[in-house]
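Enquirer: Dropping a structure here in structure tokens format, bear with me for questions.
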Amino acid sequence: IKVNCAALPETLLESELFGHEKGAFTGATMRKEGRFQLAHRGSIFLDEIAEMTPKTQAKILRVLQEQEFEPVGSTRTVKVDTRIIAATNKSLVDKMREGTFREDLYYRLNVVQVEIPLLNERRDDIPLLSDFFIKKYSEKNHKLIKGIEPVALDFLMRFDWPGNVRELENVIERAVILTRGDMISPSDFPAFINLKSDTQEMPTPNLDDGQTLKDVERQMIMKTLDANGGNRTRTAEILGISRRTLQLKLKEYGIN
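The opening position of the sequence shown corresponds to residue 8 in our numbering, with each subsequent residue numbered one higher.
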């Protein structure tokens, strides 16, 4: 069961999480079960939990500690057995220092922490995510998009993605809507993608007397790898070899 904590004001969020009785507030024309009750013996995903108000945080803490709550406008206590998965793109430690996030709730939630690296730190995910978003928005817009041109994918691989996966999703959605063909091309991207993704030239090796072909090859691989921030997929593309061949060469030359 999913809840976006940033999408609802405090009063509505409390109702969504814990449910309400008929007549509990204006517009409550019938009794409603909350998300925690719906997630009984399952999981509830609280997205953007840093946006939750201190009052709601206190109620979440009670559910974590006591596994119970009262719906809005009710005196009855509801028992639940629910696993909480929470996500945020902000530092909860900073939020605690500011006094906007409860320290006791943080330590109750932070049993297992999974940190997702920035998109520009895991560029090998870009082709997979792009394919996923192309299929998603092709179906949504009733278009038959086969995929993305290699040069367009190259532009995506080079961009820094300050907005991470959501920015990539927006760029792909825009491209799917605008493209007139069955393959996404660089012209379907916003100008800032193309401007910041200028094609790099292949690094030139330093040729000295007595160097063997293997010396030059090793130097080319190292320079290209360094120029692309360690991205092996992009390095293999520039060198004109498969990623597997590159892996074998790295192993052969002892390059980590």
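Positions of the beta carbon are idealized from the N, C-alpha and C atoms, including for glycine.
Can you tell me which of the three DSSP states GLY261 falls into?
Expert: Correct three-state label for GLY261: coil.
Enquirer: Should VAL70 and GLY26 be called a contact, given that it needs their Cβ atoms to be closer than 9 Å?
Expert: Going by C-beta atoms, VAL70 is not nearer than 9 Å to GLY26.
Enquirer: Hey, how far is the Cα of MET227 from the Cα of LEU257?
Expert: If you take the alpha carbons of MET227 and LEU257, they lie about 11 Å apart.
Enquirer: Between PHE76 and the ligand FAD, is there a pair consisting of the residue's CB and a ligand heavy atom that are separated by less than 8 Å?
Expert: Questions concerning the ligand FAD fall outside what the structure shown contains, since it holds no ligand whatsoever.
Enquirer: Starting from the C-beta of MET103, find all residues in its chain whose C-beta is less than 7 Å away, skip the five residues before and the five after it, and write them out in chain order.
Expert: Counting only Cβ-Cβ distances below 7 Å, and skipping sequence neighbours, we find GLU110 and TYR113.
Enquirer: For ASN268, write down the residues that DSSP places opposite it in a beta bridge.
Expert: Residue 268 lies beyond the residue range present for the chain, which begins at 8 and ends at 263; the question has no answer from this structure.
Enquirer: If you follow the beta strand (DSSP E) that ALA93 is part of, which residue opens it and which one closes it?
Expert: Unbroken beta strand (DSSP E) run through ALA93: 90 to 93.
Enquirer: Once DSSP output is grouped into helix, strand and coil, what is the label at MET59?
Expert: Looking at MET59 - three-state DSSP - the assignment turns out to be coil, as it is neither helix nor strand.
Enquirer: Taking the beta carbon of LEU331 as the centre, do at least 16 other beta carbons fall within 10 Å, making it buried, or is it exposed?
Expert: The structure shown does not extend to residue 331, since the chain spans only 8 to 263, so no value can be given for it.
Enquirer: Whole angstroms is fine: what's the gap from GLU259's alpha carbon to LYS142's?
Expert: Spanning the two alpha carbons is a distance of roughly 39 Å.
Enquirer: Note down, in chain order, each residue of its chain lying with its Cβ closer than 7 Å to the Cβ of ARG42, except the 5 sequence neighbours on either side.
Expert: ILE8, VAL10, GLU23, LEU24 and ILE51, listed in sequence order.
Enquirer: So if DSSP puts HIS27 in a beta bridge, which residue, or which two residues, is it bridged to?
Expert: Answer by DSSP bridge pairing, in chain order: LYS39 and VAL79.
Enquirer: Using the three-state DSSP reduction, which class does VAL172 fall into: helix, strand or coil?
Expert: The answer is helix: DSSP assigns VAL172 an H, G or I state.
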